[in-house]
Amino acid sequence: QTIESNWRCGRHNLQRIQCRSENSKGVYCLQYDDEKIISGLRDNSIKVSIPFVLSLEVSGVLPWEAACAALVSLPSTFSWHKPVLSHRVWDVNTGEVLNTLIHHNEAVLHLRFSNGLMVTCSKDRSIAVWDMASPTDITLRRVLVGHRAAVNVVDFDDKYIVSASGDRTIKVWSTSTCEFVRTLNGHKRGIACLQYRDRLVVSGSSDNTIR
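According to my numbering, the stretch in the sequence shown is residues 1 to 211, in order.
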């Protein structure tokens with residue numbers, strides 16, 4: 001309640017850190033853990049960086065939902081607001097770049113990584129599956145093709161990789177073999193977002209529906 005009150009009354013601090021690519025085309029997506037930030041860039045590359053941490057005591061912080069909204073609306077900045085009374089900024093602009101992966105032919109729209117595996121998707125209609133031994137040792141395992149438009153979002157667990165596209169479809173692939181499993185139809189326009197947990201897939205589309 002205190003956090004919500006601080007946000008609604010304007011008692012918060014928002015700090016924006018530049019994390020542009022060298023040619024200033026901007027960042028489309030990112031994910032981080034305790035040791036690295038991985039970002040997908042509009043210049044078709046994927047960058048792995050070490051985060052530098054700055055902690056500041058503030059009178060209040062943004063709720064997590066508001067922080068996510070700020071991140072979406074500012075593709076060239078990254079500011080993480082943890083829901084406690086401190087503000088932690090992971091500085092990509094001054095962080096050391098450990099690795100740059102060049103594979104996709106067009107902008108990298110989304111990525112997920114977990115437990116030594118990374119999946120990326122692109123405007124080039126493809127999905128790339130990567131093995132991550134370490135931040136500096138990342139190798140391409142397989143390229144998944146089948147979508148007829150840009151692949152906007154991916155998610156995965158130990159069993160399945162799930163992808164959603166502007167072609168109105170969701171495709172399911174085996175995580176272990178990278179083989180195609182099935183296509184999920186139903187949306188009347190392109191799919192903008194998706195989340196996959198256990199046996200449940202939830203998707204949001206430009207047709208104004210959530211399925």
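Note that the Cβ used here is the ideal one computed from N, Cα and C, for glycine as well.
Q) What did DSSP end up calling Arg-197 once you bin it into helix, strand or coil? A) strand
Q.
Alpha carbons only, please: which of Ser-45, Lys-159, Pro-135 and Asp-137 is nearest the one belonging to Asp-198?
A. Lys-159
Q.
Tell me which residues share the same chain as Glu-65 and place their Cβ nearer than 7 Å to its Cβ, disregarding the 5 neighbours each side in the sequence.
A. Annotation note: pLDDT 36 at Glu-65 (below 50); position unreliable, coordinate value reported separately. Cβ neighbours of Glu-65 beyond the five flanking positions: none.
Q | Tyr-32 to Ile-38 span [Cα, whole Å] | A | 6 Å
Q: Please classify Gly-116: is it buried, with 16 or more other beta-carbons within 10 angstroms of its beta-carbon, or exposed?
A: exposed
Q) For Arg-211, which of Ala-133, Thr-169, Thr-175 and Glu-179 has the nearest alpha-carbon? A) Thr-169
Q: Over the uninterrupted alpha helix (DSSP H) stretch that includes Ile-210, give me the two end residues.
A: Unbroken run through Ile-210: none, as it is neither H nor E.
Q) Since Leu-30 sits in a beta bridge, which residues does DSSP pair it with? A) Ser-39
Q. Would you say Asp-33 reaches chain C, if we count a Cβ-Cβ gap shorter than 8 Å as a contact?
A. In summary, chain C is missing from the structure at hand, where a single protein chain is found.
Q: Consult DSSP for Asn-99 and reduce its assignment to one of helix, strand or coil.
A: strand
Q) Can you list, in chain order, the residues of its chain whose CB lies under 8 Å from that of Cys-193, leaving out five sequence neighbours each side? A) Asn-152, Val-153, Ala-164, Ser-203 and Gly-204
Q: Pick helix, strand or coil for Arg-142, following the three-state DSSP scheme.
A: strand
Q) Can the beta-carbon of Gly-166 be found less than 8 Å from the beta-carbon of Gly-146? A) no
Q) If Leu-111 and Val-119 are in contact, beta carbons under 8 Å, what's the gap, nearest whole angstrom? A) 7 Å
Q.
Taking 8 Å as the threshold (C-beta atoms), are Leu-140 and His-187 in contact?
A. no
Q: Pick out whichever of Leu-184, Val-143, Asp-207 and Ser-134 has its Cα sitting closest to the Cα of Cys-178.
A: Val-143
Q: For Ala-149, I'd like the list of residues in its chain whose CB is within less than 6 Å of its CB, leaving aside the five on either flank, ordered along the chain.
A: Ser-165, Gly-166 and Asp-167
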